[in-house]
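Just so we're aligned, residue 19 is where the sequence shown starts under the working numbering, counting upward by one. All remarks here apply to the structure that follows.
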Amino acid sequence: MQHQSIINLNSIKNEVELRGNKTEIIAVSKTFQLDKIKPLIDYGHIHFGENKVQEAVEKWTEQKKINKNIKLHLIGKLQTNKVKYCLPLFDYIHSLDSLKLAEKISTFQIKEKFKPKIFIQINFGNEVQKNGIQINELDFFINECQKNFDLDIIGLMCIPPNTGNPKSYFEKMNKLKEEYNFNNLSMGMSSDYLDAISYGADFVRIGSKIFGERS
Ligand SMILES: *Cc1c(COP(=O)(O)O)cnc(C)c1O
19 MQHQSIINLN SIKNEVELRG NKTEIIAVSK TFQLDKIKPL IDYGHIHFGE
69 NKVQEAVEKW TEQKKINKNI KLHLIGKLQT NKVKYCLPLF DYIHSLDSLK
119 LAEKISTFQI KEKFKPKIFI QINFGNEVQK NGIQINELDF FINECQKNFD
169 LDIIGLMCIP PNTGNPKSYF EKMNKLKEEY NFNNLSMGMS SDYLDAISYG
219 ADFVRIGSKI FGERS
């Protein structure tokens, strides 16, 4: 019998295909131990997401040596003092949210000879407790990252504010993607990924809908 996580993943994949999209599904494995993740790795799933660097180092260093296809995504806040543990373990960083961090990544990507693919995190609500760049600072921020730091910025990421309909934020993301000519949007979680997909998400980040509730 197939493991429940595989059944869950495939039902999400079917929903994506029904909509005619090419959205990649990041299986967010934070807090789950490897024995819960292994069935998906063995099944051949490629994209996995973690939100804590230390946890990811412990869980994924060995796995990535065994499975060279795996792409690891950092979806949580990245402290500048953790960047050195981050490369080359993470192939994607979804949470670029300051010039200080951009500079640090820039230093280590030269040192490691490895350029991670990077999303700029957008803070729509100007919520102090949430990280991200505000829309009115985005022009300046993108310019700095590309000119001064030679970062491989591939797109934008958001966690919509809890207030209001997530659709309105996904729609704004879609407009920003066009405006800045990016190829990728990282948006949509277990509760709102179908809406995110209908607004052109290229990566959805799904945890509980695949692995079950986190304790
Ligand atoms: C945990 C997390 C997710 C996945 O959340 P689920 O609701 O379990 O799908 C997605 N994105 C970020 C940034 C997260 O921290």
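Glycine is no exception: its CB is placed at the ideal position from the N, C-alpha and C atoms.
query	result
Provide the residue span of the alpha helix (DSSP H) that contains I191, from first to last.	For the record, residue 191 in the displayed sequence is Met; it is not Ile. That run of the alpha helix (DSSP H) goes 184-198.
Which residue from K83, E121, E130, K89 puts its Cα closest to that of Y103?	E130
Smallest Cα separation from E189: which of I172, D213, D170?	D213
For L141, which residues from the same chain have a beta carbon less than 6 Å from its beta carbon, with the 5 sequence-adjacent residues on both sides left out?	Note on identity: in this sequence residue 141 is Asn, with Leu being the wrong assignment. Cβ neighbours of N141 beyond the five flanking positions: K148, G150, Q152.
Taking 7 Å as the cut-off, is the C-beta of M191 nearer than that to any heavy atom in ligand 1?	no
Using a threshold of 8 Å, state whether the C-beta atoms of F50 and F229 are closer than that.	yes
Go to K48, then tell me how far its beta strand (DSSP E) extends in each direction, as first and last residue.	No beta strand (DSSP E) contains K48, which DSSP labels as neither H nor E.
Who does I111 pair with in a DSSP beta bridge?	L92, I136
Bridge partners of F167, per DSSP?	Answer is none; F167 lacks a bridge partner.
Where G62 and N85 are concerned, what is the direct C-alpha to C-alpha distance, given to the nearest angstrom?	9 Å
Say yes only if the C-beta of S208 is nearer than 7 Å to one or more non-hydrogen atoms of ligand 1, and no if none qualify.	yes
Give the range of the beta strand (DSSP E) segment to which L203 is assigned.	202-204
Using DSSP with H/G/I as helix, E/B as strand and the rest coil, what is I153?	helix
Between which two residues does the alpha helix (DSSP H) holding F126 run?	117-129
Counting only the same chain and skipping the five closest in sequence on each side, list residues whose C-beta sits under 7 Å from that of N28.	none
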